[in-house]
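Participant: Dumping the structure here so I can ask a few things about it.
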Amino acid sequence: MRSMFKTSAAAFAILASTMGAVSAEGLTGELKIFLDTSNPAPRATMERMIEQFQAKNPDLTVETTVIDREAYKTQIRNFLTANAPDVATWYAANRMRPYVEAGLFEDVSDLWAEPAIADNLASTKGAMTIDGKQWGVPYTYYQWGVYYRKDIFDELGLSEPTTWEEEKANCQKIIDAGKKCYTIGTKFLWTAGGWFDYLNMRTNGFDFHMDLLTGNASWQSDEVRKTFANWRELIDMGAFIDNHQTYSWQEALPFMVKGDAASYLMGNFAVAPLRDAGLSDDQLDFYQFVEITPGVEKAEDAPTDTFHIPSNAQNKEAAREFLRFVASPDVQTEINNGKNLGQLPVNAQSSVDDDKFLVEGFEMLSSNSPGGVAQFFDRDAPAEMAKVAMEGLQEFMVKPDNLDKILARLDRARERIYK
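Under our numbering, the first residue of the sequence shown carries the number -5, and numbering increases by one thereafter.
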């Protein structure tokens, strides 16, 4: 699916009347924007945002192309190389690395030197940085964390844990009550990647985690073995539901809904189906993944969508102004509200809808995650490495005694793939 639209003069007039006087920014020429937000709600949100930018810049002609997300992934290298737009959507961290290393994304470190961006988007600076430079700006993300049955915790006299010892003590009490601590479905592998992300970032820190996923650290290192030792403590306790390798993440939800499992390490997208299945907000709550190694700053998984300026862009002045606009607190508040993307603004000065999980997630990512923001295992690692590694993670959860063989296999893959 590929479609194009140009904002109309009538739309500008309507927007100008609702926004007050149109403030010309002195931008002229044409600004071409490519979007991968092809689903109806995200597409409408992006189109409204672009219309607002056009209304602020009446002497600028904005042309927008919307491409189906899966098609976009296969086309991006081609269109960045030939006939590039001025602005393009993509993703943070390792997902942008191939285009940075190929010289196809513009260095926008100058924008990150401006206080409005440097101060307010600080939580994602690491995810936007390669070789000490920044290559785009984020416009939305969402939190991961532990969603749990508060009524079960209350029944068992448990409080939200903050340390690894408290996490394990809670888990033992849940097991003693005849329940599992965690539901999970690893049939499609990536959920095991989420567990590894958190255990490794909490055991060894964000920088080591990134070194591992970018091929600069060994899977057979002492640090990685410590992560798996921590994971095995939970496995040996019987903390996870049985036969999780036969379930998708959605098929694992009923264990929590029925009360057979007390919690789920998952992204915020799990809230809606849990509510739809009948859990009330009095029954459902959330906490940040606990500290494991004292002194290791907490980093989070928060998959982040981004805007970039292609190196071959023709109107880089207007493109930079558009990135400033996208990064601003009011715009991020608007596009992320429940009627639009229903996710979290990255700008710390933005506000979020009155949804307890969005409020908690925004506070956690804006103020309580000094260690950095990871993008998730299969975004931070190259696709081929992610597949091999997540197969190993799932195997470990089922057959933890295979750890040595798994780590040796992953190191061989690392030497081959990253070379």
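A virtual CB, placed ideally from N, CA and C, is assigned to each residue, including glycine.
Can you tell me whether ASP348 is helix, strand or coil according to DSSP?
Facilitator: Within the sequence shown, the letter at position 354 stands for residue 348. Residue state, collapsed to three classes: coil.
Participant: Would ASP282 and ASN362 qualify as a contact pair, given that the criterion is a beta-carbon distance under 8 Å?
Facilitator: The residue labelled residue 282 in the question sits at position 288 within the sequence shown. The residue labelled residue 362 in the question sits at position 368 within the sequence shown. Note that residue 282 is Gln in the sequence shown, not Asp. Yes, these two residues count as a Cβ contact at 8 Å.
Participant: Tell me, please, whether the segment 199 to 208 touches the segment 295 to 312 by the rule of three or more beta-carbon pairs shorter than 8 Å.
Facilitator: Taking 8 Å as the limit for Cβ pairs, the verdict is that the segment 295 to 312 does not touch the segment 199 to 208.
Participant: Between which residues of its own chain and ALA78 is the CB-CB distance below 7 Å, once the five residues before and five after are set aside?
Facilitator: Indexing the sequence shown from 1 puts residue 78 at position 84. Closer than 7 Å at Cβ, skipping near neighbours: PRO304, ASN306, ALA307.
Participant: If you follow the alpha helix (DSSP H) that LEU206 is in, where does it begin and where does it stop?
Facilitator: To locate residue 206, count along the sequence shown from 1; it is residue 212. Element bounds for LEU206: 200 to 207.
Participant: Give the straight-line distance between the Cα atoms of MET195 and LEU54, rounded to the nearest whole angstrom.
Facilitator: Taking the first residue of the sequence shown as position 1, residue 195 is located at position 201. Taking the first residue of the sequence shown as position 1, residue 54 is located at position 60. Rounded to whole angstroms, MET195 to LEU54 spans 45 Å at the Cα level.
Participant: Mapping the DSSP letters down to three states, classify MET90 as helix, strand or coil.
Facilitator: As a first step, residue 90 must be located in the sequence shown, where it is residue number 96. Coil, per DSSP.
Participant: Tell me the rounded alpha-carbon separation between LEU387 and TRP243.
Facilitator: One-based indexing of the sequence shown puts residue 387 at position 393. One-based indexing of the sequence shown puts residue 243 at position 249. Approximately 16 Å, taken between the alpha carbons.
Participant: Under 8 Å, do SER117 and VAL367 count as touching if we go by C-beta distance?
Facilitator: Position 123 of the sequence shown, counted from the first residue, corresponds to residue 117. Position 373 of the sequence shown, counted from the first residue, corresponds to residue 367. The answer is yes: Cβ separation under 8 Å.
Participant: Taking contact to mean at least 3 C-beta pairs separated by less than 8 Å, is the segment 54 to 74 in contact with the segment 333 to 347?
Facilitator: Taking 8 Å as the limit for Cβ pairs, the verdict is that the segment 333 to 347 does not touch the segment 54 to 74.
Participant: Could you work out which residue in PRO92, ALA383, VAL392, ILE111 is closest to ASP405 when comparing CA atoms only?
Facilitator: As a first step, residue 405 is located in the sequence shown; it is residue number 411 there, counting from the start. Residue ALA383 is the option with its Cα nearest to ASP405.
Participant: Near TYR135, which residues of its chain fall below 8 Å by C-beta distance, leaving aside the five closest residues on each side in sequence?
Facilitator: Counted from its first residue, the sequence shown places residue 135 at position 141. Closer than 8 Å at Cβ, skipping near neighbours: THR118, ALA296, PRO297, THR298, ASP299, GLN337, LEU338, VAL340, LEU359, VAL367.
Participant: Kindly identify the DSSP beta-bridge partner or partners of SER257.
Facilitator: Within the sequence shown, residue 257 is the residue found at index 263, counting from 1. TYR142, TYR176, per the DSSP bridge assignment.
Participant: What separation, rounded to the nearest whole angstrom, lies between the Cα atoms of LYS220 and GLU160?
Facilitator: The residue given as residue 220 occupies position 226 in the sequence shown. The residue given as residue 160 occupies position 166 in the sequence shown. Their Cα atoms are separated by approximately 19 Å.
Participant: In the DSSP assignment, what are the bridge partners of GLY366?
Facilitator: What you label residue 366 is simply residue 372 of the sequence shown in a count that begins at 1. For GLY366, which the question treats as bridged, DSSP gives the partners ALA293.
Participant: Looking at the secondary structure, which residues open and close the alpha helix (DSSP H) in which PHE390 lies?
Facilitator: Within the sequence shown, the letter at position 396 stands for residue 390. Residues 377 to 392.
Participant: Between ASN262 and ASP347, what straight-line distance do the alpha-carbon atoms span, to the nearest angstrom?
Facilitator: The residue you call residue 262 lines up with position 268 of the sequence shown. The residue you call residue 347 lines up with position 353 of the sequence shown. If you take the alpha carbons of ASN262 and ASP347, they lie about 14 Å apart.
Participant: Distance, Cα to Cα, GLU57 vs ARG318?
Facilitator: Numbered from its first residue, the sequence shown carries residue 57 at position 63. Numbered from its first residue, the sequence shown carries residue 318 at position 324. Cα to Cα, GLU57 sits roughly 18 Å from ARG318.
Participant: Label GLY289 either buried or exposed according to how many other C-beta atoms from any shown protein chain fall within 10 Å of its C-beta, with 16 as the threshold for buried.
Facilitator: The sequence position of residue 289 within the sequence shown is 295, counting from 1. The residue in question, GLY289, is exposed, as its Cβ has fewer than 16 Cβ neighbours within 10 Å.
Participant: Under three-state DSSP, which class holds ALA186?
Facilitator: Residue 186 sits at position 192 when you count from the first residue of the sequence shown. Helix, per DSSP.
Participant: Which of the three DSSP states is assigned to ILE235 in this structure?
Facilitator: Counted from its first residue, the sequence shown places residue 235 at position 241. In this structure, ILE235 counts as coil in the three-state DSSP scheme.
Participant: Given that a residue counts as buried once 16 or more other Cβ atoms are within 10 Å of its Cβ, and exposed if not, what is TYR412?
Facilitator: Mapped onto the sequence shown, residue 412 falls at position 418. Counting Cβ neighbours within 10 Å, TYR412 comes out exposed, since fewer than 16 surround it.
Participant: Does the distance from the CB of ALA312 to the CB of LEU21 come in under 8 Å?
Facilitator: In the sequence shown, residue 312 corresponds to position 318, counting from 1. In the sequence shown, residue 21 corresponds to position 27, counting from 1. Yes, the Cβ-Cβ distance between ALA312 and LEU21 is below 8 Å.
Participant: For PRO304, list the residues DSSP reports as bridge partners.
Facilitator: For the purposes of this step, residue 304 is taken as the residue at position 310 of the sequence shown. Looking at the DSSP assignment, PRO304 forms a beta bridge with PHE99.
Participant: Quick check on this structure: which residue in PRO394, ILE111, PRO92 has the alpha carbon closest to the alpha carbon of ASP125?
Facilitator: The residue you call residue 125 lines up with position 131 of the sequence shown. If we check each option's Cα against that of ASP125, PRO92 comes out closest.
Participant: Does ALA377 pass the burial test, meaning 16 or more other C-beta atoms within 10 Å, or should it be called exposed?
Facilitator: Counted from its first residue, the sequence shown places residue 377 at position 383. With fewer than 16 Cβ atoms within 10 Å of its Cβ, ALA377 is classed as exposed.
Participant: Give the DSSP bridge partners of PRO132, in chain order.
Facilitator: In the sequence shown, residue 132 corresponds to position 138, counting from 1. THR300, per the DSSP bridge assignment.
Participant: Check the DSSP bridge columns for TYR85 and list the partner residues they point to.
Facilitator: The residue labelled residue 85 in the question sits at position 91 within the sequence shown. Paired residue(s): ASP299.
Participant: Do you know offhand how far ASP374's Cα is from LEU207's?
Facilitator: As a working mapping, residue 374 is identified with position 380 in the sequence shown. As a working mapping, residue 207 is identified with position 213 in the sequence shown. Taking the straight line joining both Cα atoms gives about 6 Å.
Participant: Against chain D, with Cβ distances strictly below 8 Å, would GLN137 count as a contact?
Facilitator: Absent from the structure: chain D. Only one protein chain is present.
Participant: Where does GLU285 sit, in a helix, a strand or coil, going by DSSP?
Facilitator: Counted from its first residue, the sequence shown places residue 285 at position 291. Of the three classes helix, strand and coil, the one that applies to GLU285 here is strand, per DSSP.
Participant: Quick one: grab the DSSP three-state call for THR418.
Facilitator: Lying outside -5 to 413, the shown extent of the chain, residue 418 is not represented and no answer is given.
Participant: Tell me the rounded alpha-carbon separation between GLY232 and GLY188.
Facilitator: On the sequence shown, residue 232 is found 238 positions in, with the first residue counted as 1. On the sequence shown, residue 188 is found 194 positions in, with the first residue counted as 1. Between GLY232 and GLY188, the C-alpha separation is close to 19 Å.
Participant: So, helix, strand or coil for THR197, using DSSP?
Facilitator: Numbered from its first residue, the sequence shown carries residue 197 at position 203. Reduced to three states, the DSSP call for THR197 is helix.
Participant: How is the alpha helix (DSSP H) around GLU41 delimited, first residue to last?
Facilitator: Residue mapping note: residue 41 aligns to position 47 of the sequence shown, counting from 1. That run of the alpha helix (DSSP H) goes 34 to 50.
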